[in-house]
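Peer 1: Attaching a single structure in structure tokens format; questions to follow.
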Amino acid sequence: MRKLLFAAFVVAALAGCSSTPTQDPAPVEDRAAAAAGAGTSGATTSGTTGAGVAGAATGAAGARSPLTDPSSPLSKRSVYFDYDQYVVKDEYRALVDSHAKYLQANRNARITIQGNTDERGTREYNIALGQKRADALKKLMVLLGASESQIETVSFGKEKPRREGHDEASWAENRRDDIVYAGE
Amino acid sequence: MQHLLRSLRSLLPILALAILATAPARAQLTIEIVGGAGTTIPIAIVPFEGENSFPLGISGVVGADLQRSGLFKLVDDTGIVPRPARPEDVRTSDFRARGADAVVVGSMRPLPDGRVEVRFGLVDAVKQVQLAAMTYTVTPAQFRATAHKIADVVYQRLTGDVGVFSTRIAYITKQGSRYQLMIADADGNAPQSIVGSNEPLLSPAWSPDGTRVAYVSLENKKPIVYVQSLATGQRQVVANFRGSNSAPAWSPDGRKLIVTLTKDGGSQLFLINADGSGVQRLLSSPGIDTEASFAPDGQSVLFTSDRGGTPQVYRLNLATNVVERLTFDGNYNVSPRATPDGKGFVFVRRDGGRFMLGIQDYATRQVQMLTAGPLDESPSVAPNSKLVIYAAQQGGRGILAAVSADGRVKQRLVSPAADVREPAWGPLLR
């Protein structure tokens, strides 16, 4: 049984304490880290703890599915975002286009886009921000040929970080949309 | 006003002349002085007669409650013999000599049926009058609850405010990859897991009657809102629409919730019955609307929206549908929580990369920052509006902390093993 211990009872007078040290942790625009993160994502799809659930396939995912073929752009499933940004960057255009075209060609295929944020910000607001990222990617896919009904967008906010660190490299990895095909 | 007068009246014996001189013009300030760091009420809690023969003594719990509130200082009564057990036995001069302004005495006496008679009395040592005397007949399992009740009485008599020592809190723990929704007494005792999951849990919210908790679970690979009964453990899906379902907030009558849904695009506020029926969109905004919090009168709802370009706190009047922006300083003011006294709200501000709690008054629009961060979030206001519990980071781990609504008194609640977050203060019962 976990029991909360009330420790260190601090009585502090905070009179007039509106000025606090403001150290801005370097505005976060680390494209190198984000790009590196994108490179490492490769064929490892996150967000599916029950990966390998066979038989639930939608018909889109066969044994030699292009979805999992490492040489196919469809095996790339993560799109990374800059800090406080919700715009899908041009460098992901080919990746997004290949998924959109796949959905267009396979009208039975369904995907979920899972939006994620870094750890900064409050939990519920980050759920909304992650949703905004997922919605941005969906919008682009629909523009590129996918059908609205094929895509569900959800958000994990900051709740499921792929990297647990408290540094820019971890944050960049966690500002991310993941594309998960139904049945995966 | 009546409340202030009542508060003032009960304070006078304690704070005596210095306060009396300035009281009429600055009644409100008097209460703040009581809460201030240097002006705690010195109180002696005499060990209850007969409590040594029970596994849990009452006086220790009462003393710990009062001390934790930050408004009391415990005075050592060692050496006062014989120890008084009844108010009429208190020789106030003994306690005045130790600096005590008030004295708690009591007794625990076993009854033939196995229950125990707990008596307690509160004496004003300055005025030499009895302020309270009560008798409870309880089972040993109720000792702790009885001690909290006594602490509530003492707190109420000496500060004029309602005590919250008998309330409970909900919070989420994360240990390894295991998440649990816990319920515990307000002092952290008697923790109970009511939900466990290998996927994140967040945003617990008490029903106004304290019988149910709403929360968000990611166990189905997306945020879904559940309501769970504490008595039966049964739970019900309240919102599982296409997209994300989150941020549950109870209406004061406990019949409805506001939730944030994305089913129609964007994160938007919806009103829904507590059984999941009758979903109804509240507003249409081009951006994010989320983190609803009902005003205690149920007439308006606070929420976070980025409709103005940055996330700020807004208020929706449910009768007129008029939306009004409430926060203007800074570019990130989120997580509004209406205080139960109806006077304002607590929120989270990001300033220079730090996340800290502030409280804003509706009437004056004044903001007072309550904490300094760096990563404070998820505020929840105690039912007496005097304390705010919140999540903070310490040594890379999530802890719970509490701050008084005037920012002066702070405490930390540390769990030895788990990461603790998402506190929610339960209601007063009855």
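Heads up: the sequence lines are chains A and B, in that order.
Numbers 23 to 206, taken from the numbering used here, label the letters of the first sequence in order.
Numbers 71 to 500, taken from the numbering used here, label the letters of the second sequence in order.
Think of the CB as a built atom: it goes at the ideal place given N, C-alpha and C, for glycine as much as any other residue.
On a predicted model such as this, the values are computed, not experimentally measured, just so you know.
(1) In the DSSP assignment, what are the bridge partners of B:Leu470?
(2) Less than 8 Å separating the beta-carbons of A:Thr175 and A:Asp157?
(3) How should B:Gly266 be labelled, buried or exposed, when 16 other C-beta atoms within 10 angstroms of its C-beta is the threshold for buried?
(4) Check each residue of the region 403-419 of chain B: if its Cβ is closer than 8 Å to any Cβ of chain A, include it; give the result in chain order.
(5) In the DSSP assignment, find the unbroken beta strand (DSSP E) run with B:Phe373 in it and report its ends.
(6) Using beta-carbon positions only, say whether B:Leu331 and B:Gly313 come within less than 8 Å of one another.
(7) If the cut is a Cβ gap below 7 Å, which residues of chain A does B:Glu361 touch?
(8) Over the uninterrupted alpha helix (DSSP H) stretch that includes B:Ser163, give me the two end residues.
(9) Can you name the start and end residues of the alpha helix (DSSP H) that B:Thr213 belongs to?
(10) Mind pulling the alpha helix (DSSP H) runs of 4 or more residues that sit fully within the region 91-133 of chain A?
(11) Is there a Cβ from chain A that is less than 8 Å from the Cβ of B:Ala91?
(12) Run through DSSP, which three-state label would B:Asn401 get?
(13) Three-state secondary structure (DSSP) at B:Pro497?
(14) Within a Cβ cutoff of 7 Å, which residues of the same chain sit near B:Val297, ignoring the five residues on either side of it in sequence?
(15) Put A:Tyr147 into one of helix, strand or coil per three-state DSSP.
(16) In this structure, does DSSP put B:Pro274 in helix, strand or coil?
(17) Using 8 Å as the threshold, is the region 428-439 of chain B in touch with the region 145-156 of chain A, meaning 3 or more CB pairs across them?
(18) Alpha carbons only, please: which of B:Arg467, B:Pro112 and B:Val208 is nearest the one belonging to B:Phe140?
(19) Taking only beta-carbon atoms, is A:Ala150 less than 8 Å away from chain B?
(20) Less than 8 Å between CB atoms is the rule here; does B:Thr374 satisfy it with respect to chain A?
(21) Residues of chain A with CB under 9 Å from B:Pro112, in chain order?
(22) Can you find a C-beta in chain B that's less than 8 Å from the C-beta of A:Phe103?
(23) Let's see if you can read the secondary structure: which residues bound the alpha helix (DSSP H) around A:Asp200?
(24) Taking DSSP as the reference, what is the three-state secondary structure of B:Gly423?
(25) Mapping DSSP to helix, strand and coil, what is A:Lys160?
(26) Could you please give me the residues that DSSP links to A:Trp193 through a beta bridge?
(27) According to DSSP, is A:Arg155 part of a helix, a strand, or is it coil?
Peer 2: On the basis of the supplied data:
(1) B:Ala461 and B:Leu483
(2) yes
(3) exposed
(4) Val404, Ser405 and Val418
(5) Ser370 to Ser375
(6) yes
(7) Glu146 and Tyr147
(8) Thr162 to Ala167
(9) The question names Thr, yet the displayed sequence has Phe at residue 213 of chain B. Note, B:Phe213: alpha helix (DSSP H), Phe213 to Thr229.
(10) 115-127
(11) Only weak support exists for where B:Ala91 lies, its pLDDT of 33 falling under 50; the value from the coordinates is given anyway. For B:Ala91, the answer is no, since every Cβ of chain A falls outside 8 Å of its Cβ.
(12) coil
(13) coil
(14) Arg282, Ala284, Arg305, Gln306, Val308 and Ala344
(15) helix
(16) strand
(17) no
(18) Correcting the residue type first, residue 140 of chain B is Gly in the shown sequence and not Phe. Ranking B:Arg467, B:Pro112 and B:Val208 by Cα distance to B:Gly140 puts B:Pro112 first.
(19) yes
(20) yes
(21) Result: empty, since nearest Cβ-Cβ is about 14 Å, beyond 9 Å.
(22) no
(23) A:Asp200 -> not in any alpha helix (DSSP H); beta strand (DSSP E) instead, spanning Arg198 to Tyr203.
(24) coil
(25) helix
(26) DSSP output for A:Trp193 lists no bridge partner at all.
(27) helix
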